[in-house]
Amino acid sequence: MVSESKANFKKKVWEWAEKLEVSVEFITLRSMRNKWASCSSTGRLTFDSSLLELPPHLQDYAIVHELLHLQIPNHGRLWQCLMEAHLGDYQSYEKELKEIVRDRMKSKN
Ligand SMILES: [Zn+2]
Numbered sequence: 001m002v003s004e005s006k007a008n009f010k011k012k013v014w015e016w017a018e019k020l021e022v023s024v025e026f027i028t029l030r031s032m033r034n035k036w037a038s039c040s041s042t043g044r045l046t047f048d049s050s051l052l053e054l055p056p057h058l059q060d061y062a063i064v065h066e067l068l069h070l071q072i073p074n075h076g077r078l079w080q081c082l083m084e085a086h087l088g089d090y091q092s093y094e095k096e097l098k099e100i101v102r103d104r105m106k107s108k109n
């Protein structure tokens with residue numbers, strides 16, 4: 001069951017990568033301690049496996065956020081425009097995700 005949802009998540013990442021026209025080399029899903037995703041300039045993406053438990057719109061937010069970083073390394077105007085173009089009200093998703101992450105950290109301590 002878990003490996004199946006991992007496969008689905010990765011499929012979603014590949015679909016977004018195609019849509020956004022970014023080249024992805026490799027996708028990893030594993031437990032990350034204090035962030036939900038990271039990327040390298042060579043197109044390697046790592047996502048926190050806890051993203052699998054989140055609702056689809058927050059998964060999309062995390063995926064698009066990170067994929068855009070393969071083209072734009074910061075959160076500047078261009079990045080913001082693209083986020084809005086693909087996700088709409090991405091800032092509310094960002095807030096939602098941050099709250100979930102914060103609650104998770106709290107319950108761990
Ligand atoms: Zn970022």
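Residue 1 is where the sequence shown starts when you use the UniProt record's numbering, and the numbers rise one by one after that. Glycine residues also receive a C-beta, built at the ideal position from the N, C-alpha and C atoms.
For residue j and residue i, the rounded distance between their alpha carbons
i, j, result
"S3", "N74", "32 Å"
"V24", "K95", "26 Å"
"K35", "E84", "22 Å"
"S92", "K98", "10 Å"
"W14", "R33", "24 Å"
"H86", "P56", "14 Å"
"R77", "K11", "28 Å"
"S38", "T46", "5 Å"
"L68", "S107", "31 Å"
beta-carbon residue i near ligand 1 non-hydrogen atom, thresh 7 Å
i, result
"H69", "yes"
"H57", "no"
"H86", "no"
Burial state of residue i (16 or more Cβ within 10 Å)
i, result
"D48", "buried"
"L29", "buried"
"A7", "exposed"
"F9", "buried"
"Q71", "exposed"
"C81", "exposed"
"E53", "exposed"
"E66", "buried"
Strand pairing of residue i, partner residues [DSSP]
i, result
"A37", "F47"
"R104", "R104 pairs with nothing; no bridge assigned."
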